[in-house]
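Protein chains in written order, with the working numbering: chain A, 1 to 167; chain B, 168 to 334. Glycine included, every Cβ here is placed at the ideal spot set by N, Cα and C.
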DNA sequence: CTAAACTTTCAATAATTATTGAAAAATAAA
DNA sequence: TTTATTTTTCAATAATTATTGAAAGTTTAG
């Protein structure tokens with residue numbers, strides 16, 4: 001398989017996975033592109049490769065920076081900004097998980113907690129509280145799983161590759 | 168807080184969480200409604216409570232059944248179908264995780280594997296393969312985390328509540 | 001069988017979300 | 001300064017996704 005064909009396929013695959021996880025397609029594609037690029041890319045490079053508008057590039061690159069998985073980089077002799085993606089993909093996974101946990105799971109936990117205030121003098125009220133408490137348990141548990149994933153073996157990838165190389 | 172108000176708030180919260188995870192809002196709301204209902208609901212009950220059309224109810228209930236988290240139930244003396252949601256929420260989480268793993272993560276792993284066939288005689292090709300192999304490692308690892316979550320303590324919730332009740 | 005009760009389908013339409021592109025704002029060079 | 005270059009914003013528009021509702025299809029009762 002030719003390299004560019006492979007890169008393309010990868011960018012597309014990643015983009016389509018992203019859409020089913022509530023991340024927009026372009027954002028995922030921009031990230032994928034930066035990830036497989038051997039050098040920093042400018043907004044124009046991205047526009048050209050992915051055939052998207054300047055505004056779109058700007059918005060999505062900014063979002064990626066916001067998520068902490070892409071950084072600006074300055075190239076000597078160039079005025080415009082260039083971008084690179086963090087190449088440690090475990091780090092990437094952790095960042096994304098951390099962000100989503102904060103933005104989505106934690107607010108739900110807060111609502112569930114708040115709802116515990118419901119009147120439970122009736123039988124139905126009691127049952128509802130039971131469902132809520134089940135939900136809280138599971139959400140908390142999921143939160144915990146993610147928490148552990150985030151904190152887990154800081155250098156898992158590194159040690160993994162050291163192993164691979166040594167072999 | 169009044170019971171119906173609380174139930175409503177919960178249905179809305181769950182619905183909005185769902186949209187950011189690529190599950191459609193109505194599907195999540197229907198599920199939430201069934202979850203907090205003390206008795207099986209008919210298509211009409213759902214239509215009325217959520218103010219949505221018959222077709223919409225049908226499609227989403229069917230999808231929920233497809234995911235294995237809602238079941239049909241027959242009510243004596245009634246001709247139409249009624250629906251109930253599985254009340255074991257850990258089971259629900261496991262089902263959803265299992266489905267998504269199968270539908271989304273596994274196909275990506277297959278594509279990544281396929282892309283390993285890329286020509287790697289050039290330096291750039293080698294670097295790309297490195298990125299691919301990183302991605303595979305992480306995706307496999309995530310797959311593993313989910314796998315373990317699915318298989319984990321079949322009766323975690325149950326034992327948890329037994330503990331709570333005993334206390 | 002036929003009629004009534006109920007479920008499913010799907011083209012039309014609405015609602016939501018993403019993208020463009022040009023104008024405004026910001027930044028750096030001359 | 002002023003001018004050129006680059007980035008950001010955002011209203012308009014396009015693309016995607018969800019929803020409706022009525023017609024067609026099924027099932028059950030009589």
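- When DSSP states are grouped into helix, strand and coil, residue 249 of chain B belongs to the strand group.
- Taking residue 15 of chain A as the centre and dropping the five residues before and after it, the same chain places the C-beta of 25, 28, 29 closer than 6 Å to its C-beta, in chain order.
- In the three-state DSSP reduction, residue 91 of chain A falls in the helix class (H, G or I).
- Identification of chain B residues near residue 138 of chain A by a Cβ-Cβ cut-off of 7 Å yields 256, 257, 260, ordered along the chain.
- For residue 149 of chain A, the chain B residues whose C-beta falls within less than 7 Å of its own C-beta are 312, listed in chain order.
- Distance from the CA atom of residue 40 of chain A to the CA atom of residue 13 of chain A, rounded to whole angstroms, is 22 Å.
- Chain B has a Cβ within less than 8 Å of the Cβ of residue 20 of chain A.
- Three or more beta-carbon pairs drawn from the segment 100-110 of chain A and the segment 126-145 of chain A are found closer than 8 Å, and the two stretches are therefore classed as touching.
- The DSSP assignment places complete alpha helix (DSSP H) segments of no fewer than 4 residues inside the segment 176-259 of chain B at 192-203, 210-217, 221-233, in order along the chain.
- A distance below 6 Å between beta-carbons, with the five flanking residues on each side excluded, links residue 81 of chain A to the following residues of its chain, in chain order: 72.
- Of the candidates B/203, B/177, B/176, B/203 places its Cα closest to the Cα of residue 123 of chain A.
- One Cα belongs to residue 261 of chain B, the other to residue 319 of chain B, and the distance between them is close to 9 Å.
- In this structure, residue 11 of chain A keeps its C-beta atom at 8 Å or more from the C-beta atom of residue 34 of chain A.
- Straight-line spacing of the CA atoms in residue 185 of chain B and residue 128 of chain A works out to 20 Å.
- Neighbours of residue 168 of chain B in chain A, taken as residues at a C-beta separation under 8 Å, are given in chain order as 115, 117, 118, 119.
- In terms of Cβ geometry, residue 292 of chain B and residue 3 of chain A form a close pair [threshold 8 Å].
- Within a 10 Å sphere around the beta-carbon of residue 224 of chain B sit 16 or more other beta-carbons, which makes this residue buried.
- Within chain B, 298 have C-beta atoms less than 7 Å from the C-beta of residue 35 of chain A, given in sequence order.
- Any Cβ of chain B closer than 8 Å to the Cβ of residue 84 of chain A would place that residue at the interface, and such an atom is absent.
- Boundaries of the alpha helix (DSSP H) around residue 312 of chain B: 290-318.
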